[in-house]
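Asks: Please read through the structure below; I'll follow up with questions.
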Amino acid sequence: MQADKFSYDNRIVRLFMIASVTFGVVGMLVGLLAAMQLYWPELNFGMPYTSFGRIRPLHTNAVIFAFIGNAMFMGIYYALPRLCKSPMFSPFLSRVNFWGWQLIILAAAITLPLGITTSKEYAELEWPIDIAIALIWVVFGINMIGTLVKRRERHIYVAIWFFIATWVTVAVLHIVNSFELPVSLFKSYSLYAGVQDALVQWWYGHNAVAFFLTTPFLGLMYYYLPKAAERPVYSYRLSILHFWTLIFLYIWAGPHHLLYSTLPDWAQSLGVVFSIMLIAPSWGGMVNGLLTLRGAWDKVQENPVLKFMVVAVTCYGMSTFEGPMLSLKNVNAIAHFSDWVVAHVHIGGLGWNGFMIFGMLYWLVPKLYGREIFSVKLANAHFWLGSLGIIFYAVPMYFAALVQGLMWKEFTPEGILKYPNFLETTLQIIPMYMLRSIGGALYLIGVFVMIYNLMKTAYAGKFIGEEYAEAPPLSPATHPEPGEHWHRRLFERRPFLLTIFATVAILIGGVVELVPTFLIESNVPTIASVKPYTPLELEGRDIYIREGCVGCHSQLVRPFRSETARYGEYSKSGEYVYDHPFLWGSKRTGPDLQRVGKKYPDSWHYRHMYEPGDMAPGSIMPAYSWLHENTLDLSDLKGKISAMRILGVPYPEGYEDQAEADLQTQANSITKNLKSEGVNTSSDKEIIALIAYLQRLGTDIKLKKTESTNN
Amino acid sequence: MIRQTLEHISGISIYPLISFVIFFVFFLVLLLYVFSMRKAKIEELSQLPLEDSLLNPKKGGYPNA
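Going down the list, the sequences are from chains A and B. Heads up: the first sequence is residues 63 to 773, going by our numbering. Heads up: the second sequence is residues 52 to 116, going by our numbering.
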């Protein structure tokens, strides 16, 4: 049969490569800055745009979606056409995918420092950007499925299954988690409230890790590891088992992020059980990757590509063992809200994703430029810098987590908290924060060494923009091969069927988990004393969201003696029914705020927000002095009230017109109160709204208690 | 007094059971499928990433690889 001649487009691979490395450097620099702010608060520069609460999401988004996301596209745009023996479906769509994705990153880089955020972790971007992400994701999907349809290789290699599952699941997660009601171009409220919002968000958050950071990279592992080792994967059978069990199980595990929260017990248990079960496919994948190198370990000594990949796969194994352990309730009781979680994600991010990307880059650049790597020695130096960086990052964080986690829970023999002052536990782990940033810096230096090495390689070689290839066209197979059953070809041949099966597999878990919680909405016990936020408190809450307070402060008191003694009554799900979005948080760099209302006088908050160190000496919280100068913007107030009413918050009809007057009354009373405590300010400042919100937090239940004692 | 949400939905205890049964059946079918595949096919499939173009330019790479 006459072979078709065609060429592979390496230019698009190079574009994604440049974007990934560039944003990788930016994302890591921002991460380093955020890490240093934790022991050197002056590095917040006293500006809103560079304060920790706003740049933390900038760091996570840059690293996840710009560094790792672009690298994922790079890997797929190289591997997919070669596995299909066909160029990408449309070079135009490839460009739309590339430039669209970079525009989204640009939009994120502008909006996040401006405080435009939904506050939902890894889904912080506001609704117009959400829509853009969905559109670009569809473009990517069309391009990928189109290539599969045009392919010249009958079989669909397992790597492609992972790419398809990635595409389907990220689409589902992104759409379901992004349901929000726009108030203005840059402001929206989550459609879900409280417990439901938390469940959807962590179903999303957990599976974003699964299907954006894990499955695409497993697909890439199944392609680039055999490539670099020049031998097939250890067991193809195991890879099939790995794929289906992994995507089936992963989707159920989200609730392990919400243990001891007000989420119903059955959902928490479901999350734990499936997390433990996840060890099996994850380790199956790790073993499959590592055993691919059986009998070839001598190559690992010589080839930096394999070195990086071996450590990457090992980190994947560590991370996927640690994850299930963290979801055991007794471990979670100590580790949750602590730096353990930060260490855990960085084993995954720096080790698994980062090292896989470096391995791919060291393999791809020589291929794309048709020459050997400039310096194997420098690549090895990078390997050791990176490995040391990971260790220096993770070990101090584990140590910090244990020290602080245990201090939070320690009681004196008399039965009172040994460290009632939260700050005391923070100050204890400051040296660990310093060591951590050294680890991050080492890792980043390694990246610069890599960039130098790769650029030298590129300059010495010549870029192969079009790579010519030929392959016979695919003849339509009408009959099964002899001895083959009809169902054999279902999974490995038909892209559409494969897509549908993968969708069904991931939907089962999502449906079982989410639907009951939504169906029984009417059963959520609304606590009689829990009232909607006043207009001023609502505006204050939006400032709390804008400044990213949720990055360091939880609003969830777990039912432990150590927490009720420190913070007050444990949280009830009925308290959150008007919280669009929920603000439970996932990390306590500062204390929980669920019961902070009425704990301190207004003037304490006023002074504390102006200069935290004045009220809490040694505090690492950034100063928020701009809140004391900015005038509260009320232009969206009416829209916010009516949006909240549409979402089910019982503001009376026509309350929009009265809201501003109510707001002024409450603001005036706070200003008057402040004046009596020796603080002079006008009632139109942002800080007044924030104080109103903070003083309201958790007081509904306290009020109820007072009433019942009176009765 | 104040009940945790959803603790008392009727029949909720069946959910984990259903989940387990679905997964177990799925897993059994998968095992059967995987182990009924022919060895020759398995080898053909696992070679796919190594033979991705007929021209297969061997340029680039590592001195000792």
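The beta carbon of each residue, even a glycine, is placed where N, CA and C say it ideally should be.
State whether the region 369-386 of chain A contacts the region 417-430 of chain A, with contact taken as three or more CB pairs (one from each stretch) at a distance under 8 angstroms.
Replies: These segments touch.
Asks: Is the CB-CB distance between Tyr640 (chain A) and Tyr755 (chain A) below 8 angstroms?
Replies: Contact: no.
Asks: Should Ser584 (chain A) be flagged as near chain B, meaning a C-beta pair shorter than 8 angstroms?
Replies: Note on Ser584 (chain A): pLDDT 45, under 50, position unreliable in the model; the coordinate value appears next. Judged by the 8 angstroms Cβ criterion, Ser584 (chain A) is not in contact with chain B.
Asks: Taking just the CA atoms, how far does Val245 (chain A) sit from Ala723 (chain A)?
Replies: If I take the Cα positions, the gap works out to 20 angstroms.
Asks: Using 8 angstroms as the threshold, is the region 350-357 of chain A in touch with the region 311-328 of chain A, meaning 3 or more CB pairs across them?
Replies: No: the two stretches stay apart, fewer than three of their Cβ pairs being nearer than 8 angstroms.
Asks: At what residues does the beta strand (DSSP E) containing Tyr530 (chain A) begin and finish?
Replies: Run containing Tyr530 (chain A): 528-533, per the beta strand (DSSP E) assignment.
Asks: Beta-carbon within less than 6 angstroms of Ile763 (chain A)'s beta-carbon, same chain only, minus the 5 sequence neighbours each way: which residues are those?
Replies: Excluding residues within five positions, the ones whose Cβ falls inside 6 angstroms are Glu631.
Asks: For chain B, is any of its Cβ atoms less than 8 angstroms away from the one on Ile130 (chain A)?
Replies: By this cut-off, Ile130 (chain A) is not an interface position.
Asks: Which value, in whole angstroms, describes the spacing of the CA atoms of Leu752 (chain A) and Trp199 (chain A)?
Replies: When rounded, the distance between both Cα atoms is 37 angstroms.
Asks: If we cut at 8 angstroms on Cβ distances, does Leu83 (chain B) have a partner in chain A?
Replies: Chain A contact via Cβ: absent.
Asks: List, in chain order, every chain B residue whose beta-carbon is nearer than 7 angstroms to that of Phe310 (chain A).
Replies: Ordered by position in chain B, the residues that pass the 7 angstroms Cβ test against Phe310 (chain A) are Phe74, Phe77.
Asks: Determine the extent of the alpha helix (DSSP H) in which Leu796 (chain A) is found, giving its start and end residues.
Replies: The displayed coordinates of chain A run from 63 to 773. Any statement about residue 796 (chain A) would go beyond what the structure contains.
Asks: Out of curiosity, what's the CA-to-CA distance linking Lys117 (chain B) and Ser301 (chain A)?
Replies: Outside the modelled stretch of chain B, which goes from 52 to 116, sits residue 117 (chain B), for which no answer is possible.
Asks: Any idea what DSSP makes of Ser250 (chain A), helix, strand or coil?
Replies: Three-state result, Ser250 (chain A): strand.
Asks: Glu364 (chain A): which of A:Ala342, A:Leu197, A:Leu100, A:Ala441 sits nearest, CA to CA?
Replies: Taking only the C-alpha atoms, the option nearest Glu364 (chain A) is A:Ala441.
Asks: So what does DSSP say about Ser331 (chain A), is it helix, strand or coil?
Replies: Looking at Ser331 (chain A) - three-state DSSP - the assignment turns out to be helix.
Asks: Closer than 9 angstroms by beta-carbon distance: list the chain A residues that pair up with Leu68 (chain B), in chain order.
Replies: In chain order: nothing, as chain A lies at least about 11 angstroms away.
Asks: Unbroken alpha helix (DSSP H) runs of length 4 or more, entirely within the region 666-693 of chain A: which are they?
Replies: Fully enclosed alpha helix (DSSP H) runs of 4 or longer: 674-677.
Asks: Taking Cβ positions only, does Gly215 (chain A) come closer than 8 angstroms to chain B?
Replies: One point to set straight first is that residue 215 (chain A) is Glu, not Gly, in the sequence displayed. Taking Cβ atoms only, chain B reaches closer than 8 angstroms to Glu215 (chain A), which makes this a yes.
Asks: Considering Cα atoms alone, identify which of A:Val573, A:Asp719, A:Ser449, A:Ile409 is closest to Ile69 (chain B).
Replies: With distances taken between Cα atoms, Ile69 (chain B) lies closest to A:Val573.
Asks: Quick check on the DSSP output: the beta strand (DSSP E) that includes Phe68 (chain A) runs from which residue to which?
Replies: Here the beta strand (DSSP E) through Phe68 (chain A) covers 66-71.
Asks: Using a Cβ-Cβ cut-off of less than 7 angstroms, list which residues of the region 557-573 of chain A approach chain B; keep chain order.
Replies: Residues Ile570.
Asks: Which of the three DSSP states, helix, strand or coil, is assigned to Phe525 (chain A)?
Replies: Looking at Phe525 (chain A) - three-state DSSP - the assignment turns out to be coil, as it is neither helix nor strand.
Asks: Run through chain B and tell me which residues come within less than 7 angstroms of Ile302 (chain A), C-beta to C-beta.
Replies: The contacting residues are Val85.
Asks: Quick one: Cα of Leu709 (chain A) to Cα of Leu120 (chain A), how far?
Replies: The straight-line gap from Cα to Cα measures roughly 29 angstroms.
Asks: 8 angstroms is my cut-off, CB to CB: does Thr231 (chain A) come that close to chain B?
Replies: Output row for Thr231 (chain A): interface = no.
Asks: Put Glu775 (chain A) into one of helix, strand or coil per three-state DSSP.
Replies: Past the boundaries of the shown model lies residue 775 (chain A); chain A is included only from 63 to 773, so the question cannot be answered.
Asks: Give me the residue from A:Ser148, A:Val201, A:Ser337, A:Ser181 with the minimum Cα distance to Trp163 (chain A).
Replies: Looking at the Cα atoms, A:Val201 is the closest of the given residues.
Asks: Who does Pro244 (chain A) pair with in a DSSP beta bridge?
Replies: DSSP output for Pro244 (chain A) lists A:Ser250 as bridge partner(s).
Asks: Go through its chain and collect everything with a Cβ distance to Ile703 (chain A)'s Cβ below 8 angstroms, but skip five positions before and after it.
Replies: Closer than 8 angstroms at Cβ, skipping near neighbours: Pro597, Leu600, Tyr713, Tyr717, Glu718, Ala721.
Asks: For Arg299 (chain A), which residues in chain C fall below 8 angstroms Cβ to Cβ?
Replies: The structure shown has no chain C; the protein chains it does contain are A and B.
Asks: Taking Cβ to Cβ, would you say Thr231 (chain A) is nearer than 8 angstroms to Asn269 (chain A)?
Replies: Yes, Cβ-Cβ distance for Thr231 (chain A) and Asn269 (chain A) is below 8 angstroms.
Asks: In whole angstroms, give me the CA-to-CA distance for Asp676 (chain A) and Thr733 (chain A).
Replies: Distance between the alpha carbons of Asp676 (chain A) and Thr733 (chain A): 21 angstroms.
Asks: Just the C-alpha distance for Leu388 (chain A) and Gly432 (chain A), rounded to the nearest angstrom, thanks.
Replies: Distance between the alpha carbons of Leu388 (chain A) and Gly432 (chain A) is about 45 angstroms.
Asks: 8 angstroms is my cut-off, CB to CB: does Val285 (chain A) come that close to chain B?
Replies: Note on residue identity: the sequence assigns Tyr, not Val, to residue 285 (chain A). It does: the Cβ of Tyr285 (chain A) has a partner Cβ on chain B nearer than 8 angstroms.
Asks: Using a Cβ-Cβ cutoff of less than 7 angstroms, which residues in the same chain neighbour Ser499 (chain A) once the five nearest sequence positions on both sides are dropped?
Replies: Same-chain partners within the cutoff: Leu94, Ala97, Met98.
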